[in-house]
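Those letters in the sequence shown? Residues 35 to 191, by this note's numbering.
Following: one structure in structure tokens, then a few remarks.
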Amino acid sequence: MMRSAIQLISTNWPYWNRTEGADHFFVVPHDFGACFHYQEEKAIEHGILPLLQRATLVQTLGQQNHVCLNGGSITIPSYAPPQKMQAHQIPLDTSWSISVYFRGLFYNVNNDPEGGYYARGARAGVWENFKNNPLFDISTNHPTTYYEDMQRAVFCL
């Protein structure tokens with residue numbers, strides 16, 4: 035898919051060819067963005083697509099010295115649709131009643147059931163150490179109050 039996109043760009047607009055993409059930005063917001071794989075082990079194996087080596091990558095992966103993070107990358111927060119946040123906005127004077135909030139997978143049960151490699155073991159560690167801590171509101175369930183809960187949290191993981 036990326037090769038096709040770059041082929042289209044380089045064919046229709048000669049600017050890519052001038053610097054091999056060094057003066058271009060590519061947004062790669064998914065897991066291990068520039069390596070194009072959601073499993074870290076395979077992403078590391080693939081590395082950054084050679085066609086993107088010189089481009090500035092805009093991505094959500096902020097882990098330093100990672101194979102999938104280009105030296106000149108720009109790290110951005112994950113996207114949350116503003117319309118959804120606005121539709122679920124809570125009053126400004128609502129107290130922060132949740133200390134730490136997280137919804138998502140802690141283990142990749144199909145590929146890493148022990149949780150040692152998925153998210154570098156961090157999610158599994160959070161679950162094992164804090165699942166019974168009343169300050170942590172963590173779960174794999176996505177409630178209908180997801181956006182409201184995030185706004186009431188001091189920290190969102």
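All C-beta atoms in this analysis are idealised placements derived from N, C-alpha and C, irrespective of residue type, glycine included.
Just so you know, these numbers come straight off a predicted model, no measurement behind them.
CA-to-CA distance, residue j to residue i, given in whole angstroms
i, j, result
"D183", "I132", "8 Å"
"V61", "H100", "17 Å"
"G138", "N175", "7 Å"
"E74", "W130", "34 Å"
"E162", "F140", "9 Å"
"M35", "K76", "18 Å"
"G105", "P111", "18 Å"
"I124", "V134", "18 Å"
"W50", "I43", "7 Å"
"A156", "Q117", "30 Å"
"H80", "C69", "6 Å"
"A114", "N46", "32 Å"
Boundaries of the beta strand (DSSP E) in which residue i is found, first to last residue
i, result
"T90", "90–93"
"F164", "Not the beta strand (DSSP E): F164 falls in the alpha helix (DSSP H), residues 156–164."
"A39", "Segment 36–46 is the alpha helix (DSSP H) holding A39; no beta strand (DSSP E) there."
"A187", "187–190"
Opening and closing residue of the alpha helix (DSSP H) in which residue i lies
i, result
"A121", "116–121"
"E75", "74–80"
"Y141", "Neither: Y141 is in no alpha helix (DSSP H) and is coded neither H nor E."
Cβ distance (whole Å) where residue i is taken to contact residue j below 8 Å
i, j, result
"T128", "R186", "6 Å"
"S107", "L91", "4 Å"
"I172", "V188", "Contact flag wrong, Cβ pair sits at about 14 Å."
According to DSSP, residues forming a beta bridge with residue i
i, result
"D171", "Y135"
"I108", "V92"
"F59", "T90"
Between the region 84–94 and the region 49–59, do three or more beta carbon pairs fall short of 8 Å?
Result yes; three or more Cβ-Cβ pairs closer than 8 Å.
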